[in-house]
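Trainee:
Residue numbers (our numbering): 3 to 445.
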């Protein structure tokens, strides 16, 4: 606490109780009766004339009258609250830092007295400590360690009434108190606070508490040891599952991570949860499962950009499953959303290239198969025409495909084709290409 600066006739010297001070007058000024002085105090307070209000009201903190003849509604606690407001408001108007600090110190003394005088039950003690915490936070520039004192008071609220404290400010004071303890690595007090609030939080507040618990625990092994018993007792604890998923990822335990992701996807189905499962399955070459989760993610995607990427991901896994017609359908869906997406045209070329590989898996490449490579080249050229950003990728691939298109002998003698002629790539070319059903040009 900063040293108090005595202001003649205005401020009290800091002590446990202001009325015990030598300069504390227990009688109203100017020979007024208590009722008359109170009336002037109250009217000036209501009008915002705080200097005059203080002149006629500070005697009450010294005399501490429990009642006031002529005013049956008088409450000393209310007058303390008003005096705190008065000193705080006067302080704000003072340019001299020392004078401002002195007024704030007196306000704080009154708050501490209020706690001693009126904090006789759980509710009133909660209210006064909360007011003091707010006072510290609002005036921390002029109070030594003001913010830390504010956070300490907020932490006390959870010891008094955790449910009430948790819900105040939609969890604001929980975040202030717990976050400060964790950031300062005060593990003992932070854990104690977590243990107090954990039974009363849910939703976003529970997620926040679990996040702070993870920070407090440190290593992923510690997190696993802490959260594993929690999910055994409560298998639907979403925040605990999320904490475990992150810890398993850090320890590279792919199987346990997958179990956690599956549970998260059940408890809180989302685009992200499905996408993580899809990518994990794809990385494990489990393409059927990957397709399932990519489809789930697609159903939850909100942006066109995400949908296009998911269609291309679905095309990929279907290529690996040799479901080429389905892969083509996914690329077509992507192009309906984004007609100039170069990667989609490249993907279509890949699908048709895979079609040739599949059709020739048990035989040699024939002239009819080479025709399909013209279609592959068509899509690659279309890709860089629509989307110049993919030109470098296309230029690296084109020579490989152009080298296996029909030779002059294939065109004129085997296939009986002329340059510039259109040719259908479908079942008439070969039965295994019936699903393609597209046209290309002889060249």
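From the three backbone atoms N, C-alpha and C, an ideal C-beta is built for every residue, glycine too. Model, not experiment: these values are computed from the prediction.
Are the beta-carbon atoms of residue 300 and residue 282 separated by less than 7 Å?
Mentor: In this structure, residue 282 does not lie closer than 7 Å to residue 300 by Cβ.
Trainee: What's the gap between the Cα of residue 414 and the Cα of residue 378?
Mentor: Residue 414 and residue 378: Cα-Cα distance of roughly 21 Å.
Trainee: Alpha carbon to alpha carbon, how far is residue 435 from residue 359?
Mentor: Rounded to the nearest angstrom, the two C-alpha atoms are 11 Å apart.
Trainee: Looking at residue 424 and residue 407, is the spacing between their C-beta atoms short of 7 Å?
Mentor: No.
Trainee: Quick one: is residue 290 buried, meaning 16 or more other Cβ sit within 10 Å of its Cβ, or exposed?
Mentor: By the neighbour-count rule (16 or more Cβ atoms within 10 Å), residue 290 is not buried but exposed.
Trainee: Determine the extent of the alpha helix (DSSP H) in which residue 290 is found, giving its start and end residues.
Mentor: Element bounds for residue 290: 289–302.
Trainee: Taking 7 Å as the cut-off, decide whether the C-beta atoms of residue 388 and residue 342 are in contact.
Mentor: Contact flag set, yes.
Trainee: Taking contact to mean at least 3 C-beta pairs separated by less than 8 Å, is the segment 87–96 in contact with the segment 129–136?
Mentor: Not touching, per the Cβ criterion.
Trainee: Check whether the Cβ atoms of residue 116 and residue 142 sit closer than 7 Å, and answer yes or no.
Mentor: For residue 116 and residue 142, no; Cβs fall outside 7 Å.
Trainee: Can you tell me which of the three DSSP states residue 24 falls into?
Mentor: In this prediction, residue 24 has a pLDDT of 44, which is less than 50 and means its spatial position is unreliable; what the coordinates show is noted afterwards. Coil at residue 24, not helix or strand.
Trainee: For residue 24, collect the residues of the same chain with a Cβ closer than 8 Å to its Cβ; drop the 5 residues on either side in sequence, then sort them by chain order.
Mentor: Low per-residue confidence applies at residue 24: pLDDT is 44, beneath 50, and the placement is therefore not dependable, though the value from the model is reported in the following sentence. There are no such residues.
Trainee: Please check if any C-beta of chain D sits within less than 7 Å of the C-beta of residue 196.
Mentor: Of the chains in the structure shown, none is chain D; there is only one protein chain.
Trainee: Bridge partners of residue 421, per DSSP?
Mentor: Paired residue(s): none; residue 421 is not in a bridge.
Trainee: Thinking C-alpha only, which one of 218, 439, 38, 309 is nearest residue 338?
Mentor: The shortest C-alpha separation from residue 338 is found at 309.
Trainee: What is the rounded straight-line gap between the Cα of residue 213 and the Cα of residue 229?
Mentor: Taking the straight line from one Cα to the other gives about 12 Å.
Trainee: Leaving out five residues before and five after residue 163 in sequence, what residues of the same chain have Cβ atoms less than 6 Å from its Cβ?
Mentor: Hits under 6 Å: 128.
Trainee: Can you name, in chain order, every residue of its own chain whose Cβ lies under 7 Å from the Cβ of residue 392, other than the five neighbours on each side?
Mentor: Only 344, 345, 348, 385, 386 meet the Cβ criterion.
Trainee: On a Cα-Cα basis, can you pick out the residue from 382, 421, 234, 416 that is closest to residue 402?
Mentor: Looking at the Cα atoms, 382 is the closest of the given residues.
Trainee: Measuring alpha carbon to alpha carbon, tell me which residue in 215, 187, 185, 188 is nearest residue 199.
Mentor: For the residues 215, 187, 185, 188, the minimum Cα distance to residue 199 belongs to 215.
Trainee: Is there contact between the segment 185–193 and the segment 159–174, where contact requires at least three CB pairs shorter than 8 Å?
Mentor: Output reads no: the segment 159–174 does not touch the segment 185–193.
Trainee: Check each candidate in 64, 122, 144, 87 and name the one with the smallest Cα separation from residue 99.
Mentor: Of 64, 122, 144, 87, the residue nearest in Cα terms is 144.
Trainee: According to DSSP, is residue 443 helix, strand or coil?
Mentor: Strand at residue 443.
Trainee: Note down, one range per segment and in chain order, each beta strand (DSSP E) of at least 3 residues found wholly within the segment 169–232.
Mentor: Listed in chain order, there is nothing to give.
Trainee: Under the rule that 16 or more other beta-carbon atoms within 10 Å means buried, what is residue 256, buried or exposed?
Mentor: So residue 256 counts as exposed.
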